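For reference, the structure is listed below as structure tokens.
There are 2 protein chains.
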Amino acid sequence: MTPDFRLDRTLSASELEDVLRQVGSERYHIRHPFHRLMVEGRLTRGQMQAWALNRYCYQAAIPRKDAIILSRIEDRSLRLVWRERILDHDGDGASPGGIERWMRLATGLGLDAAIVASQRLALPATRFSVGAYLTFVEKRTLLEAIASSLTEMFSPQVIGERVAAILQRYPYIDEDTLGYFTPRLTQAPRDVDVALAHVREHARSIETQQLVVDALIAKCEILWTMLDALHFSYVEPGHVPPGAFVPEAAS
Amino acid sequence: MTPDFRLDRTLSASELEDVLRQVGSERYHIRHPFHRLMVEGRLTRGQMQAWALNRYCYQAAIPRKDAIILSRIEDRSLRLVWRERILDHDGDGASPGGIERWMRLATGLGLDAAIVASQRLALPATRFSVGAYLTFVEKRTLLEAIASSLTEMFSPQVIGERVAAILQRYPYIDEDTLGYFTPRLTQAPRDVDVALAHVREHARSIETQQLVVDALIAKCEILWTMLDALHFSYVEPGHVPPGAFVPEAAS
């Protein structure tokens with residue numbers, strides 16, 4: 001295997017899983033400098049607001065992303081389990097889903113719920129990255145669409161690091177505000193089991209295995225690009241693009 | 001009209017055109033710091049290479065963008081004139097089109113043609129921005145798709161500034177290498193005439209006029225976001241995302 005993850009032979013299922021974990025260890029956004037600043041306690045409240053406001057766009061699109069995938073699954077039993085993802089993020093009208101929980105994080109940071117929900121102050125790069133994710137699951141093969149969800153293999157690690165660091169280093173954020181993350185620690189591994197089993201079963205040639213690896217890289221690029229844009233706009237001074245969120249001077 | 005270009009009444013055709021020019025003067029990428037660095041002669045050869053390599057992805061997608069629009073036009077006479085855009089960029093197999101001319105700029109800067117054409121070293125943010133443009137013209141109304149081309153109202157200005165400055169300040173780039181830009185100075189105004197006439201005729205209510213204004217803003221955001229990504233990755237040190245083009249240390 002070359003540095004950019006070109007396969008040179010067909011892998012066993014467990015070798016493929018090893019390559020996917022290698023992609024994660026090199027490309028997942030836990031290595032991004034913006035995440036590093038966050039866990040080191042070095043972001044201002046305004047920068048945390050910018051992160052929550054932009055990431056909301058991603059959260060809000062997840063059920064639509066999963067509905068696109070659902071619309072492409074012919075196997076009813078797989079549809080049944082995939083449907084759970086939509087419930088997790090949209091809720092059931094009574095208990096809140098992931099989108100509402102993320103909104104609690106945003107408002108807990110002092111943002112106005114209507115502004116966050118409108119998405120109109122989000123960075124264009126955030127919207128383009130989210131759009132790239134929707135287009136990817138719509139236009140690529142179902143195998144690639146499912147494989148692109150496998151960043152969840154690594155999310156418990158990033159969540160664990162993020163939540164512990166935020167509670168320790170950002171005194172104005174409490175556990176209740178971070179309620180988004182707790183259910184994700186059990187939902188993500190369950191989702192990974194389903195997606196990984198599908199991939200192990202359906203990617204048995206070098207060509208399909210390469211598609212799977214490239215789908216995971218593409219998804220890592222989406223998450224990374226969102227943090228690039230946050231870093232450029234809100235860590236380096238003076239680079240907020242026209243029309244996007246500007247933190248108050250005090251924060 | 002508010003600062004974010006919300007219309008409060010139906011405009012005359014010439015008032016609408018004035019608003020579009022106002023959008024351009026505030027949002028077009030001629031105001032982007034990366035463009036400013038370029039015309040001030042402050043970019044290295046490696047940074048110029050990064051610009052040419054990434055912008056190639058945009059150029060290469062333009063005929064596909066126009067083919068999507070062409071596929072949505074019911075009026076044969078409009079299809080006839082819109083088709084010219086595809087010829088301009090794809091050429092006719094004998095005389096080169098815009099894509100080949102842009103490649104000449106890239107190779108004139110010392111890049112390998114096969115690597116540029118593969119697009120695999122482009123920034124993910126470039127690819128997501130270009131993808132956002134294709135999705136926009138596919139999924140929005142035809143009026144919005146046509147209006148999004150109106151950044152060409154402002155391109156002769158940016159080209160004039162860019163070409164003069166490059167010839168003056170970058171001695172390793174000659175007029176032949178910049179051959180992309182010369183035909184654009186006559187093609188763009190012709191294209192603008194067509195698109196602007198369509199918009200003036202078909203946007204006569206406040207709602208459709210707002211769609212037109214927002215389409216132009218969206219397109220400005222696409223161009224701006226591509227320069228944001230270049231600026232972050234290649235002007236500030238150390239921010240090239242994994243897998244993307246890295247200029248040689250010497251350049």
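As they're listed, the protein sequences go chains A and B. Everything in the first sequence is counted per UniProt numbering, starting at 1 for the first residue and increasing by one. Everything in the second sequence is counted per UniProt numbering, starting at 1 for the first residue and increasing by one. Even glycine gets a Cβ: it sits at the ideal position worked out from N, Cα and C. Keep in mind that this is a model prediction, so the values were computed, not measured.
Proximal residues of chain B, C-beta to C-beta of residue i below 7 Å
| i | result |
| --- | --- |
| S129 of chain A | F128 |
| A132 of chain A | F128, G131 |
| E207 of chain A | Those within 7 Å of E207 of chain A in chain B number zero; the least Cβ separation is about 17 Å. |
Cutoff 8 Å; reference residue i; Cβ partners in own chain excluding five residues on either side
| i | result |
| --- | --- |
| T208 of chain B | L143, H202 |
| A113 of chain B | M103, A106, T107 |
| P183 of chain A | D88, G98, R101 |
| I73 of chain B | R79, W82, L142 |
| F5 of chain A | V19, Q22, V23, V213, D214, I217 |
| A244 of chain B | L121, A122, L123, P124, S233 |
| E17 of chain A | L196, R200 |
| A52 of chain B | W102, L105, A106, L109, L111, V116 |
Start and end residues, alpha helix (DSSP H) containing residue i
| i | result |
| --- | --- |
| R85 of chain B | 76-90 |
| L70 of chain A | 45-72 |
| E40 of chain B | Careful: E40 of chain B lies outside any alpha helix (DSSP H) and carries neither H nor E. |
| R120 of chain A | That residue, R120 of chain A, is in no alpha helix (DSSP H); it is neither H nor E in DSSP. |
| R104 of chain A | 98-108 |
| residue 262 of chain A | It is not possible to answer for residue 262 of chain A, since the shown part of chain A is limited to 1 through 251. |
| S155 of chain B | 155-169 |
| D228 of chain A | 206-230 |
| H202 of chain A | 181-202 |
| L142 of chain B | 142-147 |
Closer than 8 Å: residue i CB and nearest the ligand MG heavy atom
| i | result |
| --- | --- |
| V213 of chain A | Because no ligand of any kind appears in the structure shown, any question about the ligand MG cannot be addressed here. |
Chain-order list of residues whose beta-carbon lies under 7 Å from that of residue i (same chain, five-residue window excluded)
| i | result |
| --- | --- |
| I206 of chain A | L7, R9, T10 |
| P63 of chain A | I86, H89, D90 |
| E175 of chain B | L167 |
| G179 of chain B | R101, R104 |
| H32 of chain B | W224, L227 |
Nearest residue (CA-CA) to residue i, options the options
| i | options | result |
| --- | --- | --- |
| P171 of chain A | A:E74, A:T44, A:A13, A:L121 | A:T44 |
| D191 of chain B | B:H35, B:T151, B:A52, B:L37 | B:T151 |
| K219 of chain B | B:F232, B:I159, B:S129 | B:S129 |
| M153 of chain A | A:A195, A:S118, A:A113 | A:A195 |
| V199 of chain B | B:A145, B:I217, B:S118, B:E84 | B:A145 |
| N54 of chain B | B:E17, B:D92, B:D214, B:R127 | B:R127 |
| V39 of chain B | B:G160, B:D193, B:A249 | B:G160 |
| F34 of chain A | A:Y58, A:A117, A:E84, A:V158 | A:V158 |
| L185 of chain A | A:A197, A:V163, A:R36, A:S14 | A:V163 |
| E15 of chain A | A:Q210, A:S149, A:S148 | A:Q210 |
| P156 of chain A | A:R76, A:K65, A:Q187 | A:Q187 |
| A13 of chain A | A:R76, A:R204, A:A249 | A:R204 |
| K139 of chain B | B:E236, B:F181, B:K65, B:Q119 | B:K65 |
| A61 of chain B | B:G131, B:S77, B:L37 | B:G131 |
| P189 of chain A | A:E84, A:G93, A:T177, A:V240 | A:E84 |
Close beta carbons around residue i, own chain, < 6 Å, minus the five adjacent residues each side
| i | result |
| --- | --- |
| A125 of chain B | A229 |
| Y234 of chain B | Q47, A50 |
| G41 of chain A | R169 |
Residues that residue i contacts on chain C, provided the C-beta gap is smaller than 8 Å
| i | result |
| --- | --- |
| F245 of chain A | Annotation note: the requested chain C is absent from the structure, which comprises protein chains A and B. |
Partner residues on chain A for residue i, Cβ-Cβ distance less than 8 Å
| i | result |
| --- | --- |
| R27 of chain B | P242, G243 |
| A165 of chain B | Neighbours of A165 of chain B on chain A: none; closest Cβ ~22 Å, over 8 Å. |
| D228 of chain B | A125, A229, F232, S233, H239, P241 |
Contacts that residue i makes with chain A (C-beta to C-beta distance below 7 Å)
| i | result |
| --- | --- |
| D4 of chain B | G243 |
| P237 of chain B | None at all; the shortest Cβ gap to chain A is about 12 Å. |
| T135 of chain B | G131, T135 |
Under 9 Å from the C-beta of residue i: neighbouring residues of chain A
| i | result |
| --- | --- |
| F34 of chain B | The contacting residues do not exist; F34 of chain B stays about 10 Å from chain A at best. |
Proximal chain B residues relative to residue i, where beta-carbon distance stays under 8 Å
| i | result |
| --- | --- |
| W224 of chain A | P124, P241, P242 |
Closer than 9 Å at the beta carbon, the chain B residues around residue i
| i | result |
| --- | --- |
| A195 of chain A | What A195 of chain A touches in chain B: nothing, since even the nearest Cβ is about 22 Å away. |
Indicate whether the contact test is met: 3 or more Cβ pairs, each with one atom in the segment 223-234 of chain A and one in the segment 27-37 of chain A, closer than 8 Å.
Here the segment 223-234 of chain A lies against the segment 27-37 of chain A, with 3 or more beta-carbon pairs under 8 Å apart.
Would you check if there are 3 or more beta carbon pairs closer than 8 Å linking the segment 133-145 of chain B to the segment 159-178 of chain B?
For the pair of segments examined, the segment 133-145 of chain B was found not to touch the segment 159-178 of chain B: the number of CB pairs separated by less than 8 Å stays below three.
Would you be able to state if there are at least three C-beta pairs under 8 Å between the segment 68-78 of chain A and the segment 6-20 of chain B?
The segment 6-20 of chain B, when compared against the segment 68-78 of chain A, does not touch it at the 8 Å Cβ threshold.
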